[in-house]
Amino acid sequence: MATGKPVKLTPARLKELQDEMTWMKTVREKEVAEMIKEARSFGDLSENSEYDEAKDQQGKLFSREAEVQAILDNYVLIDETVADNDIVGIGVTVRVYDKTEEEEVEYRIVGSQEADPMNGKISEESLFGKAILGKRVGEIVKVETLDGEVDEYEVLSITAE
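This is how it looks when you write it as structure tokens:
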């Protein structure tokens, strides 16, 4: 990942990842090592399901550590303080009127690592995110969906947090 495109992170998400890495290195690695040690004490490793499970946990831990480290080695911090209430950008909350569903909805525009559409956090790299970036209150946003339909949204408000 370090050679790819930098990952955009808010300061809060950066701290979460740093805290997770610290926990994995200081707490979880010791827990997994203890699981392996205990499982070894049960004898024959070829038929030892506890040992297999402990080694599986170790593999998952090392995989997650590598994933988080790759992000921490290649990120760009999103400066939420420069977000303004005039233009949709990363770090703002935008309220739109969904003309297809005939309802108002609110989304926070975030970096791809923080996307959580079920909780209203939309990645700037998503179809909706790409379409709405740079728009202003009153503008109509047309978003082509994956099935080829075109949804329309009217930007009602933009709030920098």
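Residue numbers for the sequence shown follow the numbering used here, beginning at 76 and rising by one.
Quick reminder that beta carbons are idealized off the backbone N, C-alpha and C, glycines included.
If you're wondering where the values come from, they're calculated on a predicted model, not measured in any experiment.
Apart from the five residues just before and just after V218, which ones in its own chain have a Cβ nearer than 6 Å to its Cβ? On the sequence shown, residue 218 is found 143 positions in, with the first residue counted as 1. Excluding residues within five positions, the ones whose Cβ falls inside 6 Å are L202, F203, A206, D226.
Thinking C-alpha only, which one of D131, V169, I165, E224 is nearest E200? Here residue 200 corresponds to residue number 125 of the sequence shown, with the count starting at 1. Of D131, V169, I165, E224, the residue nearest in Cα terms is I165.
In its own chain, which residues sit with a C-beta less than 6 Å from the C-beta of E128, not counting the 5 before and 5 after it? Looking up residue 128 in the sequence shown gives position 53. Residues of the same chain with their beta carbon placed closer than 6 Å to that of E128 are lacking, with the five preceding and five following residues left out of the count.
Through-space distance from V167 to Y182, alpha-carbon basis: Here the question's residue 182 lines up with position 107 in the sequence shown. Here the question's residue 167 lines up with position 92 in the sequence shown. Distance between the alpha carbons of Y182 and V167 is about 8 Å.
Count the other C-beta atoms from every protein chain shown that fall within 10 angstroms of the C-beta of V102, then say buried if there are 16 or more, exposed otherwise. Against the sequence shown, residue 102 aligns to sequence position 27. Taking a 10 Å sphere around the C-beta of V102, we find fewer than 16 other C-beta atoms and assign the residue as exposed.
According to DSSP, residues forming a beta bridge with V180: Locating residue 180 in the sequence shown gives position 105, where the first residue counts as 1. Bridge partners of V180: V171.
Would the beta-carbon of K135 be found less than 7 Å away from any heavy atom of the ligand FMN? In the structure shown, the ligand FMN is absent, as is every other ligand, since no ligand is present at all.
Within the continuous alpha helix (DSSP H) that includes E102, where are the two ends? Stepping through the sequence shown from its first residue, residue 102 is reached at position 27. Per the sequence presented here, residue 102 reads as Val, with Glu not at that position. For V102, there is no enclosing alpha helix (DSSP H), since its DSSP letter is neither H nor E.
Using the Cα positions of V82 and K90, report the straight-line distance between them to the nearest angstrom. Against the sequence shown, residue 82 aligns to sequence position 7. Against the sequence shown, residue 90 aligns to sequence position 15. Spanning the two alpha carbons is a distance of roughly 14 Å.
Expressed to the nearest angstrom, what Euclidean distance is found between the alpha-carbon atoms of V143 and S124? Looking up residue 143 in the sequence shown gives position 68. Looking up residue 124 in the sequence shown gives position 49. Their backbone Cα atoms lie some 28 Å apart in a straight line.
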